[in-house]
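Visitor:
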Amino acid sequence: MQLALVQGRATTTVRHRSLEGQKLLVCQQLDVAGDPSGDPILAVDQLGAGAGDVVIISSDGLGLRELLRDNNSPVRWWTLGIVDAGMNVMQDMN
């Protein structure tokens, strides 16, 4: 699990059948200081996160494939939670 900042929503013209109806977010992973880390990623979101939200993401593709009920889905990242705006997560992590 990792923290990430939602940069926006991704739209596609073609997508794998397992992702039909699924919301895809562009997320920037954050390091322990809260700074951007690495390249942005796409994450499946079923929680209603939006641009500017800090989310908890997981790279457990197997768990997500089970949730989507498709063992052949090409997914890896998904949102597990939305961080409460009143929390200072980076301070609490240290």
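Take the sequence shown: its letter number 91 is residue 95 in the working numbering, and every next letter is one higher.
A virtual CB, placed ideally from N, CA and C, is assigned to each residue, including glycine.
Because the structure is a prediction, the values reported are computed rather than measured.
Between the C-alpha atoms of GLY42 and GLU70, what's the straight-line distance to the nearest angstrom?
Guide: Approximately 27 Å between the Cα atoms of the pair.
Visitor: Could you please give the first and the last residue of the uninterrupted alpha helix (DSSP H) stretch that includes LEU34?
Guide: Neither: LEU34 is in no alpha helix (DSSP H) and is coded neither H nor E.
Visitor: Where do the ends of the beta strand (DSSP E) carrying GLY12 lie?
Guide: Note, GLY12: beta strand (DSSP E), 6-14.
Visitor: What's the gap between the Cα of SER62 and the Cα of PRO44?
Guide: The straight-line gap from Cα to Cα measures roughly 14 Å.
Visitor: Spatial neighbours of LEU75 within its chain, please: C-beta separation below 6 Å, excluding the five flanking residues on both sides.
Guide: Checking the sequence shown, residue 75 turns out to be Asn, not Leu. Hits under 6 Å: ARG69.
Visitor: What does the Cβ neighbour count give for THR113, buried or exposed, with the cut at 16 atoms within 10 Å?
Guide: The chain is shown only over 5 to 98; residue 113 falls outside these bounds and no answer can be derived.
Visitor: May I have the straight-line CA-CA distance separating CYS31 from LEU51, to the nearest angstrom?
Guide: Cα to Cα, CYS31 sits roughly 14 Å from LEU51.
Visitor: My understanding is that LEU34 touches ALA53, with C-beta atoms under 8 Å, so please give their C-beta distance in whole angstroms.
Guide: That pair is no contact at about 14 Å.
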